[in-house]
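Here's the structure, in structure tokens; my notes come after.
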Ligand code: AHM
Ligand code: MG
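Numbering (the working numbering), first residue to last: 231 to 566.
Below, the structure written as structure tokens:
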């Protein structure tokens with residue numbers, strides 16, 4: 231691809247035309263998701279001026295208090311995507327069941343999952359948040375669409391990405407051909423390709439975990455973090471830095487930019503829950519991006535993309551980022 235300014239539209243057209251990676255319908259779908267992300271970005275940017283801050287009076291399916299912006303972002307994504315004819319149904323962190331495209335619109339072949347606004351606890355404090363999305367193909371021959379159609383391993387995703395709303399708005403995307411980043415040019419109103427073939431270094435000296443949960447962790451996670459904290463004098467023989475934004479999009483964006491490892495592990499507070507983060511619209515898209523950039527992602531024992539989902543809002547333990555570090559943490563769990 232030339233060094234000229236390449237818009238997201240052109241990148242997608244070239245992925246379709248030259249590289250044959252994506253069918254036309256998927257290209258349109260991704261354009262629509264990008265357009266919706268722009269609207270969400272605008273709402274986020276307005277902050278107090280747009281009367282979009284603070285909590286709504288409702289809880290989502292996970293029993294979490296919804297923020298006004300969670301609801302707005304969810305509506306923006308649905309309204310933008312329902313009429314285009316490329317989707318059969320959508321699923322979201324903010325909706326209990328799936329949203330089937332209404333009969334008045336044509337039905338497409340794709341399924342879209344999203345966390346409309348990840349990192350909600352950071353909305354009111356003006357810290358980076360983002361939209362995460364994952365695209366699956368409806369199973370062949372399926373008549374209509376059901377929730378079960380969504381229960382596909384992450385390895386079946388046909389596109390995945392996120393849009394981080396920080397000092398810049400950046401859309402990060404994979405269609406299985408590496409990871410590309412697009413920065414929103416606010417004057418032009420378009421996403422411009424700013425990084426291609428993103429690659430995560432295999433080694434790192436930076437880890438991300440909510441340390442306040444330390445006393446609840448399982449032994450392998452405690453061992454790993456203890457060894458990092460021991461620094462040069464410890465078994466790792468080097469000092470480690472720690473970062474935790476508490477928005478997965480921002481933490482993953484940092485890792486895609488300069489390496490690192492992110493953990494949100496199972497812990498003893500709620501032993502029956504496999505973790506905090508959701509498999510289908512948080513862990514799967516992020517894991518695919520990380521793998522496409524040369525990193526790794528496991529639940530401590532197995533590759534996240536191989537997990538067979540059985541519930542729409544299923545949770546999972548997450549260890550992702552620089553390959554050697556993820557392999558080390560995984561080996562502490564499996565003993566291999
Ligand atoms: P959310 O989808 O309700 O915003 O929750 C997910 C977020 C992640 O973005 C982040 O990694 C994690 O929750 C932070 O959790 P904690 O508040 O325990 O630090
Ligand atoms: Mg989330």
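Using N, Cα and C, we set each Cβ at its ideal position, and we do this for glycine too.
The structure presented is a predicted model; accordingly, all values stated were derived computationally and were not measured.
Residue interval of the beta strand (DSSP E) (run including residue i)
i	result
residue 460	No beta strand (DSSP E) holds residue 460; DSSP gives it neither H nor E.
residue 392	389 to 395
residue 527	526 to 528
residue 268	Segment 254 to 276 is the alpha helix (DSSP H) holding residue 268; no beta strand (DSSP E) there.
residue 425	420 to 425
DSSP beta-bridge partners of residue i
i	result
residue 447	497
residue 410	403
residue 362	345 and 392
residue 320	329 and 342
residue 438	492
residue 533	528
residue 300	None; residue 300 has no bridge partner.
residue 471	436
residue 545	508
residue 234	None, per the DSSP bridge assignment.
residue 569	Residue 569 cannot be examined here, being either before or after the span of the chain that is shown, 231 to 566.
residue 550	492 and 527
Environment of residue i [buried if 16+ CB atoms lie within 10 Å]
i	result
residue 454	buried
residue 489	buried
residue 235	exposed
residue 316	buried
residue 552	buried
residue 556	buried
residue 232	Summary for residue 232: the model assigns pLDDT 48, below 50, so the residue's position carries little reliability; its value from the coordinates is reported in the next sentence. So residue 232 ends up on the exposed side.
residue 495	buried
residue 297	buried
residue 311	buried
residue 500	exposed
residue 566	exposed
residue 245	buried
residue 382	buried
residue 352	buried
residue 324	buried
residue 456	exposed
residue 445	exposed
residue 249	exposed
residue 257	buried
Start-to-end residues for the alpha helix (DSSP H) that takes in residue i
i	result
residue 564	553 to 564
residue 521	514 to 522
residue 239	238 to 247
Supposed close pair residue i, residue j - CB separation, criterion 8 Å
i	j	result
residue 303	residue 361	6 Å
residue 545	residue 505	5 Å
residue 550	residue 492	5 Å
residue 340	residue 368	7 Å
residue 409	residue 526	Contact doesn't hold; Cβ gap of about 14 Å is too wide.
residue 346	residue 322	6 Å
residue 515	residue 391	7 Å
residue 380	residue 478	Not quite, the Cβ-Cβ distance comes to about 20 Å (not below 8 Å), so this is no contact.
residue 486	residue 430	6 Å
residue 428	residue 411	6 Å
residue 377	residue 327	7 Å
residue 436	residue 470	7 Å
Collect the residues with a C-beta less than 5 Å away from any heavy atom of the ligand AHM and give them in sequence order along the chain.
348, 349, 350, 440, 476, 477 and 478
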